[in-house]
Amino acid sequence: MSDSGVLHIKGRVLVGADPDSGVRDELWVVDGRITFERPVGAREVTTIEGWALPGLVDAHCHVGLDAHGPVDESTSEKQALTDRDAGALLLRDAGSPSDTRWIDDREDLPRIIRAGRHIARTRRYIRNYAHEIEPEDLVAYVAREARRGDGWVKLVGDWIDRETGDLSACWPRGEVEAAIAEAHRLGARVTAHCFAEESLAPLVEAGIDCIEHATGLTEDTIPLFAERGVAIVPTLVNIATFPRLAEGGEAKFPRWADHMRRLHARRYDTVRAAYDAGIPVFVGTDAGGSLAHGLVGQEVAELVKAGLPPVDALAATTWAARAWLGRPGLEEGAPADIVVYDADPRADVRVLGFPSRVILRGRVIR
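Set out below in structure tokens:
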């Protein structure tokens with residue numbers, strides 16, 4: 000073991016949600032990895048005090064994307080750095096047209112779990128974002144993105160139908176069922192953008208693993224989600240923009256605008272009802288389209304406002320989120336991705352907006 004570069008984190012190390020077993024007094028970082036055993040013979044030790052959490056998870060963001068489509072590497076880098084400095088050290092990229100694999104070679108940037116590029120129905124999504132295809136090609140494109148991604152595929156489950164002037168489902172049941180089965184055969188999970196009510200049950204019954212936004216959940220579909228264990232990522236900081244979107248589109252699509260306002264008005268009740276039913280809820284911001292990066296702390300606060308207990312809202316961006324994505328937290332031998340705060344985030348989750356230290360791969364970044 001090298002006797003230099005050892006970090007000593009002491010105070011309250013939050014390794015889990017349990018108020019007793021989930022709290023340790025200290026940990027060490029040796030050669031970039033966590034240990035709970037005091038290193039023997041270490042002479043150069045840097046001590047950091049505070050409340051420590053695993054690096055936060057933003058389970059729905061988009062690196063390499065802005066409101067108009069793909070961006071250059073310099074912009075992608077700034078997006079990733081902004082998330083990192085906010086404490087989000089693990090990102091699930093829920094669809095991007097840009098190739099961001101180069102980020103994996105950067106020791107100073109967050110880890111990314113990619114869902115490849117969005118797959119949407121022709122002219123039924125934001126321009127320049129997605130593969131825009133018809134249902135007969137869905138299985139082939141899902142297979143393609145399953146091979147390109149990091150274990151996830153992203154569908155656009157519903158969008159404005161110009162004929163009806165409102166949200167409607169994009170995919171026939173048979174095609175989406177076959178596509179999800181193909182993704183699972185290839186070892187990938189499938190998630191889908193869904194705002195509306197009618198798109199949810201067919202996707203869940205077809206075997207989908209997660210729904211993004213999920214504003215259309217009702218008392219009819221919540222039990223189905225709970226029974227199948229289908230997770231949701233509510234992206235409440237994005238749902239907050241619905242009134243502005245409705246205002247901008249009201250002249251052309253008045254039915255859609257009214258629908259969006261109603262979904263927005265009940266957003267907190269929807270998330271709380273899902274949580275109460277036992278549906279897994281995880282933190283995601285939808286950063287990278289029209290939203291700025293670095294909003295992970297605000298999304299946790301939104302979940303608390305919706306009625307989640309603070310510790311469960313924290314779990315949705317830390318211990319539970321990492322387990323769901325198959326990544327370690329603060330465990331013996333795990334890579335040292337740690338965020339430290341000056342106050343207890345369990346007492347006030349707004350603390351998450353002000354990390355005192357960010358440690359990535361064992362290096363103090365800030």
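In numbering that gives the first Met the number 0, the protein residues as written are 0 to 365.
Where a beta carbon is used, it is the ideal one built from N, C-alpha and C, also for glycine.
Legend entry - Start and end residues, beta strand (DSSP E) containing Asp165: Asp165 to Ala168
Legend entry - Reduced DSSP category for Ile207 - H, G, I as helix; E, B as strand; rest coil: coil
Inset, instruction - Starting from Pro69, follow its DSSP beta bridges and name the residues at the other end. - result: Leu64
Inset, instruction - Out of Ala51, Arg32 and Val28, point me to the one whose CA is closest to Thr45's CA. - result: Val28
Inset, instruction - Would you mind sorting Val350 into buried or exposed? The rule is 16 or more other CB atoms within 10 Å of its CB. - result: buried
Legend entry - Among Gly228, Ala213, Ala250 and Phe252, nearest to Asn237 - alpha-carbon criterion: Ala213
Inset, instruction - Determine the direct distance from the alpha carbon of Ile132 to that of Lys304, and round the result to whole angstroms. - result: 38 Å
Legend entry - Reference Ser95; option with closest CA among Glu43, Asp136 and Val152: Val152
Inset, instruction - Measure the CB-CB distance between Arg271 and Leu313 and report whether it falls below 9 Å. - result: no
Legend entry - Beta-carbon proximity list for His7, same chain, < 6 Å, skipping 5 on both sides: Trp27, Val44 and Thr46
Inset, instruction - For Gly40, name the three-state secondary structure that DSSP assigns. - result: coil
Legend entry - Minimum C-alpha distance to Val141 - residue among Gly68, Arg227 and Ala114: Ala114
Inset, instruction - Could you check how far apart the C-beta atoms of Ile159 and Trp255 are, in whole angstroms? I think they sit under 8 Å. - result: 5 Å
Legend entry - Bounding residues of the beta strand (DSSP E) (the contiguous stretch that carries Trp101): It is not in any beta strand (DSSP E) - Trp101 carries neither H nor E in the DSSP assignment.
Legend entry - Three-state secondary structure (DSSP) of Pro309: helix
Inset, instruction - Could you check which residue in His117, Glu218 and Arg105 has the C-alpha nearest to that of Thr190? - result: His117
Inset, instruction - Please classify Thr317: is it buried, with 16 or more other beta-carbons within 10 angstroms of its beta-carbon, or exposed? - result: buried
Legend entry - Proximity below 9 Å, CB of Gly31 to CB of Arg243: no
Inset, instruction - Label Ala291 either buried or exposed according to how many other C-beta atoms from any shown protein chain fall within 10 Å of its C-beta, with 16 as the threshold for buried. - result: exposed
Legend entry - 3 or more residues per run - each beta strand (DSSP E) lying fully within the segment 219-269: 230-232
Inset, instruction - Taking all protein chains shown into account, decide if Val366 is buried (16 or more other Cβ within 10 angstroms of its Cβ) or exposed. - result: The shown model of the chain, from 0 to 365, leaves out residue 366, and the question about it has no answer.
Inset, instruction - From the DSSP output, in three-state form, read off Ile278 for me. - result: coil
Legend entry - Assumed close pair Val155, Arg123 - CB separation to whole angstroms, cut-off 8 Å: 7 Å
Inset, instruction - Quick one: using the 10 Å Cβ neighbour count with 16 as the cut-off for buried, is Gly217 buried or exposed? - result: The question names Gly, but residue 217 in the sequence shown is Thr. By the neighbour-count rule (16 or more Cβ atoms within 10 Å), Thr217 is not buried but exposed.
Inset, instruction - Return yes when the Cβ of Val62 is within less than 9 Å of the Cβ of Asp92, no when it is not. - result: yes
Legend entry - C-beta contact flag for Leu371 and Gly54 at 9 Å: Because the chain in this structure spans residues 0 to 365, residue 371 falls outside the shown range and cannot be described.
Inset, instruction - Measure the beta-carbon distance from Cys193 to Gly215 and round it to whole angstroms, keeping in mind my assumption that it falls under 8 Å. - result: 6 Å
Legend entry - Per-residue DSSP class, three states only, for Asp24: strand
Legend entry - Length of the line joining the Cα atoms of Val56 and Val229: 18 Å
Inset, instruction - Inspect the CB distances between the segment 202-212 and the segment 168-187 and report whether three or more fall short of 8 Å. - result: yes
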